[in-house]
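Working notes for the structure below.
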Amino acid sequence: MALDLAYTPAQQRFRSEVRDWLAAHVPQAPLATLESEAGFAQHREWERTLAMGNYGMITWPAEYGGRGANLIDWLIFEEEYYRARAPLRVNQNGIFLLGPTLMEFGTAAQKARYLPKMAAGEEIWAQAWSEPQAGSDLAALRATAVRDGDSYVLRGHKIWSSRAAFADWAFGIFRTDPASERHRGLTFMLVPLRHPGVRVRGIRQIHGEPGFAEIFFEDARVPLDHRLGDEGQGWHIAMATAGFERGLMLRSPARFQVAAQRLIDLWRSHGAEADPALLGRVAQGWMDAQAYALNTYRTASRLMAGGSIGVEASLNKIFWSELDLDLHRTAMSLLGARAELVSAGAPGPADDWLEGFLFSLAGPIYAGTNEIQRNVIAERLLELPRA
Amino acid sequence: MDFTFTEEQTMMAAALRELATDLCTPAVLRQRFEGAEGGAEERWQRLAELGLFGVLAPLAAGGMGLTDADFVLLAEEAGRAALPEPFAEQAAVALPVLARCGADREVADLLPRLASGTARIAVAHPRNPLVNVPPSPTHWLLCSQGRLALATADGVQAVERSSVDAGRRIVEVSAAGEAGRALAQGTRADALGAEVLARGAIYAAAQCLGLTARMLDIASSYVRERNQFGRPVGSYQAVKHHLASVAVKLEFARPVVYAAATCAAGTDPGSLAAASHAKLAATDAAELAARTAIQVHGAMGYSWELDLHFYMKRAWALSGAWGDRSFHARRMQRLLLEGALPLGPDHTFAFSA
């Protein structure tokens, strides 16, 4: 019977197993922000703890450090994870984006080399897509990887690389054919960040911490096996990675369901004096988080039945990023005169909303701006002509 | 846990789409809008021949004995075609609720006739004051506070009203609380009345999904063809972004409506929230689709000649039917604040599936 929206007994057992483990292991005090060096180290340590519980990346095969769980189990895990207010996943670029990409395009040796260390939190990954002249127009990128004997020599400048300030590795696309243009002649590379010829400089984000970085490649030499897929296949692989990012994994519904629940609590404490219209926005926030959760189960079911994610990834990305913004803008309105306050020391509830609000402003920009996503939807789903 | 539809479910919906392609064309809707009957009788017969009135009826009443998960795509197709007749109201609102009163002799006799389409029922509820009546109705299901009643067509005082959506035939019932014979009273009647309302809201929502998809199709086709400044207007980002926003709304309204259908009979807070959410999400999508579709058509969108307005008007009409925005939004707010609805990421499916 399809459209069967009840959990099986095994799924319920898995939920309580995850809940118990998290209750015993999630740090009592919140970790420092992962955009700081100290916080990054704490989050790295937490990844190791997760891996010891075999929760590093449950959907991966056991040989790569997973437990072969299906996508419904994954959603259950995420629900419990956010319910327990467990720390952010510092390695999300690795486990959610590069991991699935490696699974699809990597050689057996590459999978064995990178995936277990990713799942174990031993190697943290950054992404290196954008360049100063190649943002939304990624195909305008200029960084090169020129083959020289048994290595590639990397030259160029990547920027807005999330996590790169403190990460160990980065992935991105480089031009292996210097005469090539646009989407052709690009190759997907895996690059160590602490490596001769690689220079990383943190960029302070709107909140003041170096959440992303620029990376300078000055004749950095890497072996041939740091190439993922074939030469010239880079654009194709990068688009698959971007699909994973916008599609199912990057933004769990549970994250927004928790925020929506907190927003209802905020209304309970601040609603008496608030603009009554804000209650409509509080309720809309809950409904949209719920819609996002339901749609994610729908997508997971479709994938488990052999389907794939195409343009849905763009629909998805617009929805979660605008939802996140709405939830936090509503919270800031409810907090009113005190919304701007940053307290020193341990973050308070208002700080959480402020930090979340600042972060939510990035949502419609990263992973491909929402303007680009709307173009993609118009052209691929609605079959409107290109400009 | 499986959020996909089976092949049987999508095939049944495809059969209704085929029927609509023959018998519920824009040309037919235009006849309705000009006051003609527009093939209503033939459509009803064809729906009956396909057995679609009996999808939710018990096998013993000659029905298919299926579930709301099997029906929801049919209602979506009815919306896509702007089907004028109250197909969902008979098959998925009145019939399953009457089936709970099957101990009553008259109801037991009526169920097979409703399932086969030979009996035709209109449904009145305080939250649905303007009733879409079937062609040549034979019965009424009347909900009022503390009373659920069955009446024959001639036993109810109904006044014809004119709607902006001239596709449907609308009446307003007076003194619904006294007409007919009571099947249930008191809290039992109220529980059945609540199910009538939930079903009405969910299947109006499902129709709004279909209407949204239809309007998006019409608008997308138009902007692909219409040229200004030497190129199709659909190649401009301003136009693309409008239509893409409709596609986003539709994508995220769908699972809400589908989930609500699985708990259409539920009376727990989660099921009530699901029904209200479905109605709000789908009517929001349909209203945005209507607003956007008319805009991207330019002056043409404002004309009687274009078919678009048949679908826009149905969307507006359904948005007020079976609990309007204010009713469902306030009910949702109350449920979220009262504490009886479990919140949080482990309660996505907090309704009685």
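If you read the sequences in order, they're chains A and B.
Just so we're aligned: the first sequence equals residues 657 to 1043 in our numbering.
Just so we're aligned: the second sequence equals residues 106 to 458 in our numbering.
Quick reminder that beta carbons are idealized off the backbone N, C-alpha and C, glycines included.
Neighbouring residues, chain B, relative to residue i (Cβ below 7 Å)
i, result
"A:G936", "A434"
"A:F975", "V353, F357"
"A:Y663", "M106"
"A:L971", "A352, V353, E356"
"A:W785", "What A:W785 touches in chain B: nothing, since even the nearest Cβ is about 22 Å away."
"A:I728", "M106"
"A:M905", "Ordered by position in chain B, no residue passes the 7 Å Cβ test against A:M905, which lies about 15 Å from the chain."
Identity of the residues DSSP links to residue i by a beta bridge
i, result
"A:K814", "A:I871"
"A:F696", "DSSP output for A:F696 lists no bridge partner at all."
"A:I859", "A:F868"
"B:C248", "B:L253"
"A:T843", "A:F830"
"A:D804", "A:S807"
"B:A287", "B:A254"
"B:I226", "B:H244"
"B:N233", "B:H230"
"B:E277", "B:L235, B:V264"
"A:A876", "A:L810"
"B:N332", "B:P337"
"A:V746", "DSSP, once it has assigned bridges, lists no residue as partnering A:V746."
"A:V854", "A:F873"
"A:E848", "According to the sequence shown, residue 848 of chain A is Pro rather than Glu. BP columns for A:P848 point to A:W825."
"A:E787", "A:A790"
"A:L884", "A:F844"
"A:D660", "B:D107"
Status (buried if at least 16 other CB within 10 Å, exposed otherwise) for residue i
i, result
"B:S326", "exposed"
"B:P360", "buried"
"B:W409", "exposed"
"B:Q312", "buried"
"A:P932", "exposed"
"A:S908", "buried"
"A:V998", "exposed"
"A:Q668", "exposed"
"B:F334", "exposed"
"B:V344", "buried"
"A:Y953", "buried"
"B:P450", "buried"
"A:R994", "exposed"
"B:A208", "exposed"
Neighbouring residues, chain A, relative to residue i (Cβ below 9 Å)
i, result
"B:R329", "L1038, E1039, L1040, P1041"
"B:Q342", "E1027, R1030, N1031, A1034, A1043"
Unbroken beta strand (DSSP E) run spanning residue i, endpoints
i, result
"A:F827", "825-831"
"A:Q783", "781-783"
Delimiting residues of the alpha helix (DSSP H) encompassing residue i
i, result
"A:E1027", "1026-1032"
"A:S977", "968-991"
"A:W677", "665-681"
"B:R436", "430-443"
"B:E356", "342-367"
"B:Q400", "374-401"
"B:T115", "112-128"
"B:V133", "131-138"
"A:F900", "890-902"
Proximal chain B residues relative to residue i, where beta-carbon distance stays under 8 Å
i, result
"A:A949", "P450, T453"
"A:I920", "L441, L442, L448"
"A:V914", "G449, P450"
"A:A939", "A434, M437, Q438, L441"
"A:A725", "Going along chain B, no residue has its Cβ under 8 Å from A:A725, so there is no contact; the nearest lies around 13 Å."
Proximal chain B residues relative to residue i, where beta-carbon distance stays under 9 Å
i, result
"A:E736", "P450, D451"
"A:Q667", "M106"
"A:S957", "M106, D107, F108, T109"
"A:P909", "P450, T453"
Under 8 Å by beta carbon: chain A residues contacting residue i
i, result
"B:F110", "A658, L659"
"B:P360", "A947, L950, N951, Y953, R954"
Within chain A, partners of residue i - CB distance below 7 Å
i, result
"B:K345", "R1030, N1031, A1034, L1040"
- Task: Inspect the CB distances between the stretch 119-134 of chain B and the stretch 972-989 of chain A and report whether three or more fall short of 8 Å.
- Result: no
- Message: I'd like to know if the stretch 954-968 of chain A and the stretch 336-351 of chain B are in contact, where contact means that at least 3 CB-CB pairs between them fall below 8 Å.
- Response: no
- Task: Mind the definition here: the stretch 827-846 of chain A touches the stretch 914-922 of chain A only if three or more C-beta pairs lie below 8 Å; say whether that holds.
- Result: With the cut-off at 8 Å, the stretch 827-846 of chain A and the stretch 914-922 of chain A do not touch.
- Between the stretch 438-452 of chain B and the stretch 889-904 of chain A, are three or more C-beta pairs nearer than 8 Å? no
- Message: Three or more C-beta pairs under 8 Å: does that hold for the stretch 769-789 of chain A against the stretch 804-811 of chain A?
- Response: Contact between the stretch 769-789 of chain A and the stretch 804-811 of chain A is absent, because fewer than three Cβ pairs lie under 8 Å.
- Cβ pair count under 8 Å reaching 3, the stretch 1013-1026 of chain A against the stretch 938-947 of chain A: no
- Query: So, do the stretch 722-740 of chain A and the stretch 691-700 of chain A have three or more beta carbon pairs nearer to each other than 8 Å?
  - Reply: no
- Item | Contacting positions in the stretch 399-420 of chain B - beta carbon closer than 7 Å to chain D | Considering every chain present, this structure includes no chain D. Its protein chains are A and B.
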